[in-house]
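Notes follow once the structure below has been shown.
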Amino acid sequence: MSFLFPPPAVTHLPIVGRDQRFPVRRVFCVGRNYAEHAKEMGFTGREAPFFFMKPADALLVVEAGQTGRMAYPGLTRDLHHEIELVVAIGTGGANIPARDAMRHVFGYAVGLDMTRRDLQNDMKKQGRPWEIGKAFEQSGPIGPITPAVEAGDIGKAAIWLHVNGQSRQRSDVSHLIWSIAETIEHLSSAWALAPGDLIFSGTPEGVAAVQAGDTLEGGVTGLAPLKVTIAGL
Ligand code: MN
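Shown next, in the form of structure tokens:
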């Protein structure tokens, strides 16, 4: 047996304090999971969580201490930042109850769900899929995974994003509408989760546009930070 062409390389993330790498399988994302962000997007109330995906090779892997370089993507004039806590699944399963969910988590990373907001809004208006706004190349800058045992109480961690040194997003993981455990319960009822799956857990309020030349620095208390610059066209 041989391949017609070389199969694509697996995307893999660094793990803080280890030589091993975390191979990525799928990238799930939760929509509108902080109340104040749902409001700024024109929604109120607690709706059931909903999910979309990015291809694993849409991640922009940023090594510890490095600055990632994201090219400003085509087709958009409204590239938005969404800082997010990313959950890394180490043990798979289907229909995982919330009370067991945290046992399936290997660790956490800081990620950006970069969004071509103008294209996403066009698709929303027309009732069409979001991929063109959400799942393009380099749309998921992400830093190293910190193992859960070393991450502290992630459910009460601060989450923030600075752009060019100015605060843009600041909240707390305790403000998630659907907690990490509840998110895993819902997600695993729709997909059988597997080791290597990532879950971008949603962004707090303060999303806004970035420009070529901007520097984004994001963090979650207890995790390795993420730094990315936006390169010009
Ligand atoms: Mn998001």
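Quick note: the sequence shown uses the numbering used here, first residue 938, plus one each step. Backbone N, C-alpha and C define an ideal beta-carbon position, used for all residues, glycine too.
When you compare only the Cα positions, how much space is there between residue i and residue j?
i	j	result
Asp1055	Asp1015	6 Å
Gln1003	Gln1106	22 Å
Pro1066	Phe987	13 Å
Gly1044	Pro1132	11 Å
Pro1162	Thr1083	10 Å
Leu1022	Gly979	22 Å
Val1110	Glu1119	13 Å
Pro944	Phe989	25 Å
Thr1013	Lys991	18 Å
Mind checking who residue i pairs with in its DSSP beta bridge?
i	result
Trp1128	According to DSSP, Trp1128 bridges with nothing at all.
Glu1021	Gly1048
Trp1097	Arg1107, Gly1156
Gly1077	Leu996
Thr1120	Note: Thr1120 sits in no beta bridge, so no partner.
Can you tell me which of the three DSSP states residue i falls into?
i	result
Ser1111	helix
Ala1085	helix
Met978	coil
Leu1056	helix
Thr1028	coil
Arg1036	helix
Task: Cβ pair count under 8 Å reaching 3, the segment 1097-1104 against the segment 1152-1164 - done: Touching, yes.
Task: Segment contact, 8 Å Cβ cut-off, at least three pairs: the segment 1125-1141 with the segment 970-982 - done: Result yes; three or more Cβ-Cβ pairs closer than 8 Å.
Task: contact_flag[the segment 1082-1096, the segment 998-1012] where n(CB pairs < 8 Å) is 3 or more - done: The segment 1082-1096 makes no contact with the segment 998-1012, as fewer than three CB pairs between them are under 8 Å.
Open item on the list: If you measure from each CB to the nearest heavy atom of the ligand MN and keep those under 5 Å, what residues do you get, in chain order?
Closed with: Residues flagged by the Cβ proximity filter: Glu1019, Asp1050, Thr1140.
Open item on the list: With a threshold of 8 Å, are at least 3 pairs of Cβ atoms found where one atom belongs to the segment 1046-1062 and the other to the segment 1074-1092?
Closed with: Enough Cβ pairs lie closer than 8 Å, so yes.
Open item on the list: With three or more beta-carbon pairs closer than 8 Å as the criterion, would you say the segment 1034-1041 touches the segment 952-964?
Closed with: Segments in contact, no.
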